[in-house]
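> Let me begin by handing over the structure; questions about it come next.
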């Protein structure tokens with residue numbers, strides 16, 4: 387009886403391991419691309435992200451790989467601090483590639499301020 391229980395337990399653990407999603411998809415399984423960006427502009431985690439950088443105080447550029455172009459994307463972003471206001475827009479000369487997304491953040495007084503955020507491309 388113990389032997390049968392041990393075999394069933396091992397089999398169920400193996401089935402659960404096979405059902406685990408791929409690591410790249412676990413952060414954003416329903417998004418085409420995603421980035422969690424730290425306030426210094428470094429990438430915390432992401433999906434299809436080629437790079438991130440801080441352009442200036444409170445301004446960031448997130449570059450996705452060739453599978454995502456800004457022209458045909460719907461993107462949403464969320465600051466990690468409720469006291470921040472975040473804007474997603476075209477970046478001008480500092481962030482204007484076809485795979486670039488420009489994120490600007492301020493402190494509700496209109497002054498640019500650094501902060502971490504999440505960006506998802508649907």
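In this note's numbering, the protein residues as written are 387 to 508. Heads up, the beta-carbon is just placed ideally off N, CA and C, and yes, glycines get one too.
1. What are the uninterrupted segments assigned as alpha helix (DSSP H) that are 4 or more residues long and contained completely in the stretch 412-476, given in chain order?
2. Looking at the secondary structure, which residues open and close the beta strand (DSSP E) in which residue 488 lies?
3. Give every residue of the same chain whose Cβ lies closer than 6 Å to the Cβ of residue 411, excluding the five residues on either side of it in the sequence, and list them in chain order.
4. Just tell me which of 444, 448 and 441 has its CA closest to the CA of residue 432.
5. Spatial neighbours of residue 470 within its chain, please: C-beta separation below 6 Å, excluding the five flanking residues on both sides.
6. Use the C-beta contact count for residue 453: other C-beta atoms within 10 angstroms, 16 or more gives buried, fewer gives exposed.
7. Taking DSSP's pairing of strands, which residues face residue 508 in a bridge?
8. Could you check which residue in 468, 438, 455 and 503 has the C-alpha nearest to that of residue 484?
This is what the structure gives:
1. none
2. 486-492
3. Confidence at residue 411 is low in this model, with a pLDDT of 44, below 50, so its placement is unreliable and no value can be given for it.
4. 448
5. 491 and 501
6. exposed
7. None, per the DSSP bridge assignment.
8. 455
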